[in-house]
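Visitor: Structure incoming, see below.
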Amino acid sequence: MLHLPALYNDEWAQSCLLDFNHWVYQIGPILLSSQSSDSQGDIVQTDKAKDALLSLHQSLLACAQCAEAGGSCREAIRNVDSALESMVTVGKEVQQREIALRDIEGRFEYIEAGAEYIE
Numbered sequence: 002m003l004h005l006p007a008l009y010n011d012e013w014a015q016s017c018l019l020d021f022n023h024w025v026y027q028i029g030p031i032l033l034s035s036q037s038s039d040s041q042g043d044i045v046q047t048d049k050a051k052d053a054l055l056s057l058h059q060s061l062l063a064c065a066q067c068a069e070a071g072g073s074c075r076e077a078i079r080n081v082d083s084a085l086e087s088m089v090t091v092g093k094e095v096q097q098r099e100i101a102l103r104d105i106e107g108r109f110e111y112i113e114a115g116a117e118y119i120e
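Residue numbers (this note's numbering): 2 to 120.
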C-alpha cells in the first residue's frame, strides 16, 4: 500500500492513492501469477506494468517534493495523472488477456490420452 503523508490531505492525492492501491490489489495478483510464465505476452505485460509503476513512483516522489517545498506542482500532477492512465491501460490489457486465456482453456475439452481437443 502506498502512503504519501505530504499529499494525504489533498483530495486529488487521496484519489491517486486509491487508484494506485486498487490497481495493485486487482492487477498485482494476475501479474504475480504470470511472472513464472515464459509466454511472450505475459513477459511484455509484466514489463509494461513495471514501467508504469516506476513512472508513477517517480512522479509521486516529484510531486511530494514539490508539495513539501511549497511550489507549484502542476507538471508533477500531470505526470502522476499520466502515469495512472498508463497503469489503467496496462491493467485493462492484463485483465483482457486473463479473460481470453480463461476462455481458451474453458472452450476445449480433453477427451482421452492422444485424442484431439474439440470445441
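Built from N, CA and C at the ideal position, the CB exists for glycine as well.
Which term fits Gly71, buried or exposed, when burial requires 16 or more other beta carbons within 10 angstroms of its beta carbon?
Guide: For the purposes of this step, residue 71 is identified with residue 70 of the sequence shown, where counting begins at 1. With fewer than 16 other Cβ atoms within 10 Å, it is exposed.
Visitor: Within a Cβ cutoff of 6 Å, which residues of the same chain sit near Lys49, ignoring the five residues on either side of it in sequence?
Guide: Taking the first residue of the sequence shown as position 1, residue 49 is located at position 48. Excluding sequence neighbours, Lys49 sits near Val91.
Visitor: Suppose the cutoff is 7 Å on Cβ atoms and the five residues either side in sequence are ignored; what does the same chain contact list for Glu94 look like?
Guide: Residue 94 sits at position 93 when you count from the first residue of the sequence shown. Gln46, listed in sequence order.
Visitor: Which term fits Ile44, buried or exposed, when burial requires 16 or more other beta carbons within 10 angstroms of its beta carbon?
Guide: The residue you call residue 44 lines up with position 43 of the sequence shown. When all chains shown are included, Ile44 counts as exposed.
Visitor: Near Cys64, what residues of its chain come up, given a Cβ to Cβ distance below 7 Å and the 5 sequence neighbours on each side ignored?
Guide: On the sequence shown, residue 64 is found 63 positions in, with the first residue counted as 1. Same-chain partners within the cutoff: Leu8, Cys74, Ala77, Ile78, Val81.
Visitor: Specify the secondary structure class of Gly72 as computed by DSSP and reduced to three states.
Guide: Counted from its first residue, the sequence shown places residue 72 at position 71. Gly72 falls in the coil class under three-state DSSP.
Visitor: Does Leu57 pass the burial test, meaning 16 or more other C-beta atoms within 10 Å, or should it be called exposed?
Guide: Stepping through the sequence shown from its first residue, residue 57 is reached at position 56. Buried.
Visitor: Report the three-state DSSP secondary structure of Asp20 (helix, strand or coil).
Guide: Residue mapping note: residue 20 aligns to position 19 of the sequence shown, counting from 1. Asp20: helix per DSSP, three-state reduction.
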